Structure formats: structure tokens, C-alpha cells
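Novice:
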Amino acid sequence: MTGRDAILALKKAVGEPDLAARRSAEEALAALGPDAVPEIVRALGEAPQTMRWYLSRAIARMGLPAFEPVIEAIRSSDNPEVRRYLTASLAALGEAAIPLLVRLLADDDVAVRGAAALALCRIGDPAMPALKEASQCDDPFLRNSASLVLFRMGEEGIMELFSEAGE
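Numbering of the sequence shown is given in the numbering used here, commencing with residue 221 and proceeding in unit increments.
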């Protein structure tokens, strides 16, 4: 079994009552690699909530190679639940994804900017240096977006940066 059939079978397996079977299916989905992201995203849209967690974890387990396919899926999805789980996948990539996520704070797509901001907030303290650097860059859109994320994360003194940017 390959392609969509394999993913459908593994999607069904992530709904099994047996925890070991769910985890095994998650690992098998991750092993399919980033080319499987579009099919997993389709499955995310069709799956009950209880299964979505395992599907999004499978994407996260693919690591940074899944980053761009996830961003494209966020761009193309009109389902806020799917985008929420994809955002969780981005956050689960952790510190390695920080530079890529910061760059997306200036993206033209509001859903992508929002996903990047939420993922950075979820990553937390390790994202602070990159966000602080971006909050002082030359690009006013990126600077303001990074400042807003820092503010959301509770960074003290960030409002001064915001007011300085408006001068």
C-alpha cells in the first residue's frame, strides 16, 4: 500500500483504542515524509478531533522538511481546526523552526502570520532573541509583527519599542 491508501489505513489506525497501535500509526505516517503532508492534511479535515492530535504529531515528527508543506497547507486551508493543528505541528518543531517562523511574521497571508505568531508563542523563551532582533529590523511590517508577538509573550519594555517605531 502506498500513497493515499496507506495514509487512509494509517489514519484509521490512529483512531484505534489501543495506545500502542495509535503511536505505531503515528510513527508510520511520519516515516512517509513531507510528501505525505497534503494527504495527512486532508485526513486532518476529515478526522474526528481525537485522531487529529496523532495526525498533527506525525507531521511534527517529520521535522523541518515538513515546514514548507505545512505552510502551504495553512495557506490553502479554509478550516480553522485544521490550521490550528498545523500550527501545533509548527510549534512542535521547536527551536530549529524559529528563524523560519520569524520570517513568516511578514507574510502576506494573515493565516500564515497568525500561525507563525502562535507557534513562536508556544515555543516561548528560546524564540525571544530572534523576536527581539526582528523587532528592531528595517522592515516595518516585520518589526511591528515581532513586537506584537513579544508583547503577547509578556516581554516587558516592548511597548517602548513600539512607540519608538512610530516616531
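C-beta: ideal position from N, C-alpha, C; glycine also. Since the structure is predicted, the reported quantities are computational estimates derived from the model, not experimental observations.
(1) Restricting to Cα atoms, I'd like to know which of Arg281, Pro237, Thr270 is closest to Ala248.
(2) Compare the Cα-Cα distances from Val330 to each of Pro268, Asp298, Gly283, Pro258 and report the closest residue.
(3) Kindly indicate the opening and closing residues of the alpha helix (DSSP H) around Asn364.
(4) Which ranges would you report for the alpha helix (DSSP H) in the stretch 286 to 355 if only whole runs of at least 4 residues count?
(5) Tell me the rounded alpha-carbon separation between Arg277 and Ser355.
(6) For Ile254, name the three-state secondary structure that DSSP assigns.
(7) Check this for me: beta carbons of Tyr274 and Arg224, under 8 Å apart or not?
(8) Taking the alpha-carbon positions, what's the Gly235 to Arg295 distance?
(9) One question on the structure: do Leu230 and Ala245 come within less than 8 Å of each other, judged by their Cβ atoms?
(10) Rounded to whole angstroms, what's the CA-CA distance from Lys336 to Pro300? Just pull it up for me.
(11) Determine the direct distance from the alpha carbon of Ala293 to that of Cys357, and round the result to whole angstroms.
(12) Are there 16 or more other CB atoms within 10 angstroms of the CB of Glu259, so buried, or fewer, so exposed?
(13) Which first and last residues belong to the alpha helix (DSSP H) in which Met282 is found?
Specialist: Once the coordinates are examined:
(1) Out of Arg281, Pro237, Thr270, Arg281 has the C-alpha closest to the C-alpha of Ala248.
(2) The candidate whose alpha carbon is nearest that of Val330 is Asp298.
(3) 360 to 372
(4) DSSP runs (the alpha helix (DSSP H)) wholly in the stretch 286 to 355: 287 to 296, 300 to 312, 318 to 324, 330 to 343, 348 to 354.
(5) 31 Å
(6) One point to set straight first is that residue 254 is Pro, not Ile, in the sequence displayed. Three-state DSSP puts Pro254 in a helix.
(7) no
(8) 27 Å
(9) Yes.
(10) It is worth fixing the name first, because residue 336 is Ala in this sequence and not Lys. Going from the Cα of Ala336 to the Cα of Pro300 covers about 14 Å.
(11) If you draw a straight line from the Cα of Cys357 to the Cα of Ala293, it comes to about 28 Å.
(12) That one is buried.
(13) Careful: Met282 lies outside any alpha helix (DSSP H) and carries neither H nor E.
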